[in-house]
């Protein structure tokens with residue numbers, strides 16, 4: 013099974029899960045006559061803040077790690093999942109914590125011609141397994157495009173953008189790796205799954 017097919021299948025499953033969740037939510041909103049108070053109590057229960065992340069998100073509310081860059085650039089890692097297909101997917105949020113607009117540095121794409129010719133991305137990311145003394149680079153599809161978020165540009169002050177990166181999976185005994193991106197600080201992250 014190709015990585016492109018796996019990514020499309022994953023997006024399809026997420027879309028299906030969201031649609032199913034919306035359908036359940038709409039069905040739960042219908043009330044009988046004289047039942048006006050029930051929707052209010054269920055809405056306030058969902059705003060309690062005690063509930064954990066839903067299974068469809070697969071991401072935590074608190075970041076697992078933060079990588080800081082210059083001018084307020086911040087990458088918060090929300091999940092690091094080992095997949096059965098032999099790769100690790102790192103999900104996160106790129107944020108502009110600065111006061112003004114921020115152009116995402118082109119250095120995040122790395123310096124490999126094959127990756128940079130496909131436009132701005134997170135193609136310069138690596139996972140470092142210090143125990144196994146190995147470095148894992150971002151995966152590429154059959155046309156040389158990095159399997160990361162692409163098309164990065166400018167973030168307005170306070171704006172955030174969901175991002176992802178896929179790497180070859182380290183051995184199953186390796187549960188901690190260091191995530192490195194050019195111009196950002198490094199961070200140790202735990203692999204789940």
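Residue numbers (the numbering used here): 13 to 205. Ideal placement from N, C-alpha and C gives every residue a C-beta, glycine not left out.
For residue 152, which residues from the same chain have a beta carbon less than 6 Å from its beta carbon, with the 5 sequence-adjacent residues on both sides left out? Cβ neighbours of residue 152 beyond the five flanking positions: 158.
Going by DSSP in three states, residue 204 sits in which element: helix, strand or coil? Note: residue 204 maps to strand in three-state DSSP.
Go to residue 78, then tell me how far its beta strand (DSSP E) extends in each direction, as first and last residue. Annotation for residue 78: the continuous beta strand (DSSP E) segment containing it runs 77-80.
What does the alpha-carbon distance come out to for the pair residue 73 and residue 115? If I take the Cα positions, the gap works out to 26 Å.
Within its chain, find whatever has a CB closer than 8 Å to the CB of residue 184; leave out the 5 residues flanking it on each side and keep chain order. For residue 184, the CB contacts under 8 Å within the same chain, skipping 5 residues up- and downstream, are 94 in chain order.
In this structure, does DSSP put residue 87 in helix, strand or coil? Assignment of residue 87 by DSSP, reduced to helix, strand and coil, places it in the strand class.
Beta carbon of residue 123: closer than 6 Å to some heavy atom of the ligand FAD? The ligand FAD is not part of the structure shown, which contains no ligands of any sort.
Is it buried or exposed, residue 174, if we count other Cβ atoms within 10 angstroms and call 16 or more buried? By the neighbour-count criterion, in which a residue is buried when 16 or more other Cβ atoms sit within 10 angstroms of its Cβ, residue 174 is exposed.
Leaving out five residues before and five after residue 196 in sequence, what residues of the same chain have Cβ atoms less than 8 Å from its Cβ? Here the set comprises 79, 80, 81, 85, 87 and 120.
Between which two residues does the alpha helix (DSSP H) containing residue 161 stretch? Segment: none, residue 161 is in no alpha helix (DSSP H) and carries neither H nor E.
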